[in-house]
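So the sequence shown is numbered by this note's numbering: it starts at -6 and just counts up by one. Don't be surprised by glycine CBs; every beta carbon is placed ideally from N, CA and C. Report on the following structure.
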Amino acid sequence: MKESNYKYEVIVALNPKTESKDKEKTIKLIEDKVTSMAFSINNRENLGNKELAYKIKGLEKGDFWVFTIGGDKPIKSAEFKLFLNRDLQVIRYLILKI
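This is how it looks when you write it as structure tokens:
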């Protein structure tokens, strides 16, 4: 596998009350968006339901997923953030450069 110049970790908290098939659909949409931005997904991990530090949209828990992605150019964070903000299943996200 080719070594990526830019590596990121994307942590996404999904609504835990969402049905399993809708969560998988949201995960698939995130993966498709990442690959459409010329990034590869090195790892995808489900951390499960976790207690939130404070209520977000009236929810006390979130279903957390971590994606490790890599690419040859910097991520277009504004475009990716807009995509994540528009998805109703995503209650919070964090993009970290590693």
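At the level of alpha carbons, what is the spacing between residue i and residue j?
i	j	result
A46	T28	31 Å
S33	R85	22 Å
S13	R37	16 Å
I49	P67	29 Å
T61	N39	12 Å
G51	K69	30 Å
Output yes if chain C places a C-beta closer than 8 Å to the C-beta of residue i; else output no.
i	result
G51	Any reference to chain C falls outside this structure, which holds one protein chain only.
Please list, in chain order, all residues of the same chain as residue i whose beta carbon is under 8 Å from its beta carbon, the five residues on each side excluded.
i	result
K16	L7, D56 and Q82
T11	T19, D56 and Q82
If you drop the 5 nearest sequence neighbours on each side, which residues of the same chain put their C-beta closer than 6 Å to that of residue i?
i	result
K0	G63 and I91
According to DSSP, is residue i helix, strand or coil?
i	result
T11	coil
N78	helix
K0	strand
Can you give me the Cβ contacts of residue i inside the same chain, cut-off strictly under 7 Å, excluding the 5 residues immediately before and after it?
i	result
L87	I4
I20	W58
I believe residue i touches residue j by the beta-carbon criterion, under 8 Å. Please report the beta-carbon distance rounded to the nearest angstrom.
i	j	result
L89	E2	5 Å
D65	N(-2)	5 Å
Discussion item. Extract the residue ranges of the alpha helix (DSSP H) inside the segment 9 to 63, only unbroken runs of 4 or more that lie entirely within it.
Written reply: 13 to 29
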